[in-house]
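A.B. asks: Please find one structure pasted underneath; my questions will follow.
Chains as they are written, first to last, in this note's numbering: chain B, 1 to 292; chain U, 1001 to 1394.
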């Protein structure tokens, strides 16, 4: 059996059903030591890839959640100004010389490591998850690129900190803006789409092993049909997992049989008022009937 | 610009594996994928790590290494089959056209059901089934489409293009520059808030232990341009395209679309640093250029597929259209209202408004009016330039 099939199997064992595309991309990213860029709609399990990988490699996930205005101080490192000031003050009273104090307050003890710095200083290679990179600014993207190619961080007062181990980097993007070509070229790329019927069945079966096969088929059929409807927010895998859990909790064993329970469970799938209005009981029943 | 005379070096005719791979990379590059020497190296490395003799594994591996965006991801399988399985056409240019049209077709299929091919010389509203999709018919279909496409290279004259670009960049800047210049107390920021630091230091005997910052709230405005290139707009389309290219050039986050009977995202094509290739790509995307109009349906498609990701409270959506629509007018009103709900500002630039005695009586235009923040003329470059103060005030 080839290596990437093995990886796919390991992911399956931890409860993540990966498509061939994804498994191969992840395998190559690990083998080539390149970052993996995952793009796709919200709720298709991009972030979960990082957790699964961490579980397989038995290491930790260091997560950097990107947002508009994210700066180096929050992503890489920051000096602990308050501690430095206190140290200066204490040194002043102790009669220490200026040079000695300066030497001391710009040492690692006064450094606050943020995710990126932390990730390259781990003794065991962690999984570095850079979530929703598309939300960060382009300037940050450029800086990130430098770190991802060199795996070293330069702190003017301290010098260059080289990576102890190379973290396994996974970037996710919801494609709210175009990422720079340079970043895309650095990364192994894969697009995570909504799963097809068979894959989604496998995912649900892996996560909710107690579900009856017939109901499982109905749920997947229903969700797949719902994705084709004209919705503002198309339900992802996370939503269909919730949906299955909700149905199990409500004690439903036939989707078409219990209109009230189905309508109640829809809150886990439809997240805006307009979508709720677009799927009244009749539509839900029609979809459930088709799925059954 | 593609060199038309240069044939794809097919795998079967190459002498060794390395040359075949190099040929494949060249083939990808010819088809618009962003591939450099580094990728070729990475691809060879990747192949060494899988069972390279298994076409399926090799395809997955090369796909992960060579693609970098959804478009590329979607077209890769066809490119792979065309090269390795020798299903492609003899000339790279043609095969590229097949792929580009596939891409356009996939953009088209995003608008479920609303297909309709465009022809330059006849209105085509409501006509469906232009492409024989599926199976092996695609490449053949692409040749017919190829002849149908209007070559925008001749349409966009260099002088107009430069002018329109310059005006557009000025406008884009006028809209963007309204971001806040004030400094406000913030959790972090480049500057220290000296007043607050000193005030707080009183409590610690004059030592500034707690630091306060002042940040400049950044409120960049995001532009989205939606350009109508239907038959009635054809005379203006060339200069408007240049105008949109200018808008795009001013800022990385600007987005552009064009529509006739269907909506096509043209941001990537316009961003192409090679101007000639940008125009070339556009002309492939703009099949149906000068055909019928479906403003309402296209706005609906925009709302459904792009708006939720790309339009927010800080967006300005610019529609360039004359408002003549073959769809029911109330659809335009409803879709604009829906778009407006996202909190964006709406600008409608209508070339007809510059005409003497124009009144927005076209049903579509009348339906749109209540939702607009600015409704302005756009029949000359001068009238576009005159918009600058208005936009700055918006």
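All C-beta atoms, glycine included, are put in the ideal place defined by N, C-alpha and C.
For residue 277(B) and residue 285(B), I'd like the C-alpha separation in whole angstroms.
C.D. replies: C-alpha separation (whole angstroms): 14 Å.
A.B. asks: How is the beta strand (DSSP E) around residue 78(B) delimited, first residue to last?
C.D. replies: Counting along the chain, the beta strand (DSSP E) containing residue 78(B) begins and ends at 77 to 79.
A.B. asks: Enumerated in chain order, which unbroken segments of the alpha helix (DSSP H) with a length of 4 residues or greater are wholly contained in the segment 153 to 214 of chain B?
C.D. replies: If we require 4 residues or more, the alpha helix (DSSP H) runs fully inside the segment 153 to 214 of chain B come out as 181 to 186, 197 to 207.
A.B. asks: Taking the alpha carbon of residue 1210(U) as the point to measure from, which residue in 1039(U), 1196(U), 1221(U), 1228(U) has its own alpha carbon closest?
C.D. replies: It is 1196(U) whose Cα lies nearest to the Cα of residue 1210(U).
A.B. asks: For residue 1205(U), count neighbouring Cβ atoms within 10 angstroms of its own Cβ and tell me buried if that reaches 16, exposed if not.
C.D. replies: Residue 1205(U) is exposed by the Cβ-count criterion.
A.B. asks: Return the chain-ordered list of same chain residues with a C-beta closer than 6 Å to the C-beta of residue 1362(U), the five sequence neighbours on each side being excluded.
C.D. replies: These residues qualify, in order along the chain: 1323, 1324.
A.B. asks: Is residue 1364(U) near residue 1295(U), with beta carbons less than 8 Å apart?
C.D. replies: Yes, they are a contact pair.
A.B. asks: Label residue 1132(U) either buried or exposed according to how many other C-beta atoms from any shown protein chain fall within 10 Å of its C-beta, with 16 as the threshold for buried.
C.D. replies: Reliability fails at residue 1132(U), whose pLDDT of 35 lies under 50, so the model's placement of it is uncertain and no value is given.
A.B. asks: At 4 residues or longer, what runs of the alpha helix (DSSP H) sit wholly inside the segment 86 to 141 of chain B?
C.D. replies: Correct list: 98 to 105, 115 to 120.
A.B. asks: Would you mind giving the Cβ-Cβ distance between residue 1331(U) and residue 1300(U), rounded to the nearest angstrom? I have them listed as a contact below 8 Å.
C.D. replies: 7 Å between Cβ atoms; contact.
A.B. asks: Please determine if the segment 168 to 178 of chain B and the segment 29 to 48 of chain B are in contact, where contact requires at least 3 C-beta pairs separated by less than 8 Å.
C.D. replies: They touch, by the three-pair rule.
A.B. asks: With burial defined as no fewer than 16 other Cβ atoms inside 10 Å of the residue's Cβ, what is the status of residue 177(B): buried or exposed?
C.D. replies: Counting Cβ neighbours within 10 Å, residue 177(B) comes out buried, since at least 16 surround it.
A.B. asks: Since residue 1329(U) contacts residue 1243(U) with CB under 8 Å, what's their CB separation in whole angstroms?
C.D. replies: About 26 Å; that fails the 8 Å criterion.
A.B. asks: Between residue 135(B) and residue 68(B), what straight-line distance do the alpha-carbon atoms span, to the nearest angstrom?
C.D. replies: So the alpha carbons of these two residues sit roughly 5 Å apart.
A.B. asks: Exposed or buried, which one is residue 1016(U) when buried takes at least 16 other CB atoms within 10 Å?
C.D. replies: Label assigned to residue 1016(U): exposed.
A.B. asks: How would you label residue 115(B), buried or exposed, when you count the other beta carbons within 10 angstroms and need 16 or more for buried?
C.D. replies: Looking at its Cβ environment, which holds 16 or more other Cβ atoms inside 10 Å, residue 115(B) is buried.
A.B. asks: Taking a Cβ distance cut-off of 9 Å, strictly less, list which residues of the segment 146 to 162 of chain B are near chain U, in chain order.
C.D. replies: Within the segment 146 to 162 of chain B, no residue qualifies.
A.B. asks: Please name the residue or residues paired with residue 1248(U) in a DSSP beta bridge.
C.D. replies: Residue 1248(U) is not bridged to any residue.
A.B. asks: Anything in chain B within Cβ reach of residue 1195(U), meaning under 8 Å, just list it in chain order.
C.D. replies: Within 8 Å Cβ-Cβ: nothing; residue 1195(U) doesn't reach chain B, min ~18 Å.
A.B. asks: Between residue 1353(U) and chain B, is any beta-carbon pair separated by less than 8 Å?
C.D. replies: No, because no Cβ of chain B sits closer than 8 Å to the Cβ of residue 1353(U).
A.B. asks: Run the CB neighbour count on residue 280(B), radius 10 Å, all protein chains shown included, and call it buried at 16 or more, exposed below.
C.D. replies: It counts as exposed.
A.B. asks: According to DSSP, simplified to helix, strand and coil, what is residue 1226(U)?
C.D. replies: Residue 1226(U): strand per DSSP, three-state reduction.
A.B. asks: Which residues in chain C have a C-beta closer than 9 Å to the C-beta of residue 1073(U)? List them in chain order.
C.D. replies: The question asks about chain C, but that chain is absent: this structure's protein chains are B and U.
A.B. asks: State the beta-bridge partners of residue 1258(U) as determined by DSSP.
C.D. replies: Partner(s): 1227(U), 1264(U).
A.B. asks: Would DSSP call residue 70(B) helix, strand or coil?
C.D. replies: DSSP places residue 70(B) in coil when its eight states are reduced to three.
A.B. asks: Quick one, which of 1233(U), 1251(U), 1347(U) has its alpha-carbon nearest residue 137(B)'s?
C.D. replies: That would be 1251(U), whose Cα lies nearest to the Cα of residue 137(B).
A.B. asks: Out of curiosity, what's the CA-to-CA distance linking residue 78(B) and residue 109(B)?
C.D. replies: Cα-Cα distance, rounded: 12 Å.
A.B. asks: Assign residue 1391(U) to one of three DSSP states: helix, strand, or coil.
C.D. replies: Helix, per DSSP.
A.B. asks: CA-CA distance, residue 23(B) and residue 9(B)?
C.D. replies: So the alpha carbons of these two residues sit roughly 9 Å apart.
A.B. asks: Could you work out which residues of chain U lie near residue 81(B), taking near to mean beta carbons separated by less than 7 Å?
C.D. replies: Chain U residues near residue 81(B): 1211.
A.B. asks: Suppose you measure from the CA of residue 11(B) to the CA of residue 56(B); what does that come to, to the nearest Å?
C.D. replies: If I take the Cα positions, the gap works out to 7 Å.
A.B. asks: If you draw a straight line from the alpha carbon of residue 1344(U) to that of residue 1391(U), how long is it in whole angstroms?
C.D. replies: C-alpha separation (whole angstroms): 14 Å.
A.B. asks: Could you give the C-beta distance for residue 1049(U) and residue 28(B), rounded to a whole number, given that I count them as a contact under 8 Å?
C.D. replies: 7 Å between Cβ atoms; contact.
A.B. asks: Helix, strand or coil, according to DSSP, for residue 283(B) in the structure here?
C.D. replies: Here residue 283(B) sits in helix by DSSP.
A.B. asks: Return the Cβ separation of residue 197(B) and residue 224(B) in integer angstroms, given the expectation that the two are a contact with Cβ distance under 8 Å.
C.D. replies: Indeed, because the Cβ distance is near 6 Å, the residues count as touching under 8 Å.
A.B. asks: Out of 1019(U), 1233(U), 1062(U), 1042(U), which has the shortest C-alpha to C-alpha gap to residue 1081(U)?
C.D. replies: The residue with the shortest Cα to Cα distance from residue 1081(U) is 1062(U).
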